[in-house]
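Each residue of the sequence shown is one higher than the one before, starting from 27 at the first, in my numbering. Just so you know, even glycine gets a beta-carbon here, dropped at the ideal spot from N, CA and C. This structure is a prediction, so every number in the text was calculated from the model and none was measured.
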Amino acid sequence: MTAARFRLGLVQMRCAADPEANLATATARVREAAARGARLVCLPELFRTRYFCQREDAAAFDLAEPVPGPTTDALARLARELGIVVVGSVFERRAAGVYHNTAVILDADGALRGLYRKMHIPDDPLYYEKFYFTPGDTGFRAFDTAVGRIATLVCWDQWYPEGARLAALAGANVLLYPTAIGWHPAEKAAHGEAQRAAWQTVQRAHAIAKRDRRIDAYGGITKRLLDG
């Protein structure tokens, strides 16, 4: 059961080359959101690094880490200290040669309540994610937290209705999408308002059909009302 009303914090941040600097920035932004009353804070996709998928570079695999690992440990301590739920994102090294783009849910007591491994993996110019990530195998699940039953998907998953539907059927009342990209300038110039309107329509349609709240951690609340 999701709390009738709670304040949500969405973090936007400019990522530096240093993962530790990015973690420090994210920590400061989460603290700021909590100080303003947020009980659930969502960080961007792959927030500890710059978006390395713009090129195929084997050296980038050195950025990966296990789950649980340094990032989840740091977010767990932060969530427990502040008494809030934190949704983070990790370049996960699951095993030798197996890597995922993973969202994690840290509950208000610091527990790793659940994780989701990105299912839909793009492979386009400047978005060479298939070079890095194995499609997820977690399914689309919901997890009970201090603010209620929530689910995460990741970025490009938002264009596919099946994940949102399955998460809603699992009981999720809030869906969060950690996202690393916004509106690419070239696409904005080529497609203009029609592309943004299409994205908004997809998100609203998910929310109306599934009667959930949908949140994009790069942009804003894409769906605030249950009735459209």
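Please state whether the Cβ-Cβ distance between residue i and residue j is less than 7 Å.
| i | j | result |
| --- | --- | --- |
| Gln80 | Leu152 | yes |
| Val130 | Gly114 | yes |
| Lys276 | Asp149 | Given that the chain is displayed from residue 27 to residue 254, the structure contains no residue 276 and the question cannot be resolved. |
| Leu179 | Gly189 | yes |
| Arg119 | Ala90 | yes |
| Ala198 | Ile176 | yes |
| Ala85 | Gly136 | no |
| Ala216 | Ala196 | no |
| Leu69 | Val37 | yes |
| Leu108 | Ala60 | yes |
| Val116 | Thr97 | yes |
State the start and end residues of the unbroken alpha helix (DSSP H) segment that holds residue i.
| i | result |
| --- | --- |
| Ala59 | 45–61 |
| Gly174 | Note, Gly174: premise wrong, no alpha helix (DSSP H); beta strand (DSSP E) at 174–178. |
| Gly189 | 187–195 |
| Arg106 | 96–108 |
| Asp212 | In the sequence as displayed, the identity of residue 212 is Ala instead of Asp. That run of the alpha helix (DSSP H) goes 211–217. |
Kindly indicate which residue of the options has the alpha-carbon position closest to the one of residue i.
| i | options | result |
| --- | --- | --- |
| Ala194 | Thr160, Gly174, Ala105 | Gly174 |
| Ala105 | Gln184, Arg31, Asp133, Leu49 | Asp133 |
| Pro187 | Ala84, Gln229, Phe117, Pro204 | Gln229 |
| Tyr203 | Leu141, Ala102, Val93 | Leu141 |
| Glu71 | Asp88, Trp209, Thr97, Cys181 | Cys181 |
| Phe87 | Glu46, Leu36, Glu213, Ala121 | Ala121 |
| Asp83 | Tyr154, Gly208, Arg222 | Tyr154 |
| Arg31 | Gln184, Pro96, Val200, Ala224 | Val200 |
| Met39 | Gln221, Arg222, Gln184, Ala206 | Ala206 |
| Asp183 | His232, Ala212, Glu46 | His232 |
Could you name the residues of the same chain whose beta carbon sits closer than 7 Å to that of residue i, not counting the 5 residues immediately before and after it, in chain order?
| i | result |
| --- | --- |
| Gly63 | Arg33 |
| Cys41 | Asn48, Phe73, Thr75, Arg76 |
| Phe159 | Tyr125, His126, Asn127, Lys144, Ile147 |
| Trp209 | Arg222 |
| Phe78 | Ala86, Leu89 |
Comparing the C-beta of residue i with each C-beta of chain D, is any distance below 7 Å?
| i | result |
| --- | --- |
| Glu71 | No chain D appears in the structure shown, which is made up of a single protein chain. |
Suppose the cutoff is 6 Å on Cβ atoms and the five residues either side in sequence are ignored; what does the same chain contact list for residue i look like?
| i | result |
| --- | --- |
| Thr171 | Val111, Asp133, Arg139 |
| Gly95 | none |
| Glu46 | none |
Tell me the residue span of the beta strand (DSSP E) that contains residue i.
| i | result |
| --- | --- |
| Asn127 | 124–132 |
| Cys41 | Neither: Cys41 is in no beta strand (DSSP E) and is coded neither H nor E. |
| Val116 | 111–121 |
| Ile140 | Looking at the sequence itself, residue 140 is Gly, so the reference to Ile does not match. Per DSSP, Gly140 belongs to the beta strand (DSSP E) from 138–143. |
For residue i, I'd like the list of residues in its chain whose CB is within less than 8 Å of its CB, leaving aside the five on either flank, ordered along the chain.
| i | result |
| --- | --- |
| Ala43 | Arg76 |
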